[in-house]
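**Student:**
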Amino acid sequence: IFESCEGNVRQFSYASLNEEINRTANLFHSLGIRKGDKVALHLDNCPEFIFCWFGLAKIGAIMVPINARLL
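In my numbering, the protein residues as written are 158 to 228.
What follows is the structure, given as structure tokens:
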């Protein structure tokens, strides 16, 4: 369950979360990102951050987080 600061609530089952992560992993792979590549990620605390983080891990890429509050 994710609740934004505005009060919007999004719920994910394990299956739906895995589906989103796989979709994101396939997107990164289609963009040419491969095992060992480093990818900078600049996102706030949101479900998409998790999709990207685990999607990159599934294809063996390395996530390099950038603090969204510093920019």
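Using N, Cα and C, we set each Cβ at its ideal position, and we do this for glycine too.
Starting from Ala-182, follow the alpha helix (DSSP H) in both directions and report where the run begins and ends.
**Tutor:** Unbroken alpha helix (DSSP H) run through Ala-182: 171–187.
**Student:** Hey, how far is the Cα of Asp-194 from the Cα of Gly-217?
**Tutor:** 8 Å
**Student:** For the pair the segment 181–195 and the segment 161–171, tell me if three or more CB-CB distances fall below 8 Å.
**Tutor:** no
**Student:** Could you check the C-alpha separation between Ile-223 and Gly-212 for me, to the nearest Å?
**Tutor:** 17 Å
**Student:** Using CA atoms only, rank isn't needed, just tell me which of Glu-205, Phe-159, Phe-169, Gln-168 is closest to Leu-184.
**Tutor:** Glu-205
**Student:** For Glu-177, which of Phe-208, Ile-158, Ser-170, Asn-202 has the nearest alpha-carbon?
**Tutor:** Phe-208
**Student:** Quick one: using the 10 Å Cβ neighbour count with 16 as the cut-off for buried, is Ala-214 buried or exposed?
**Tutor:** exposed
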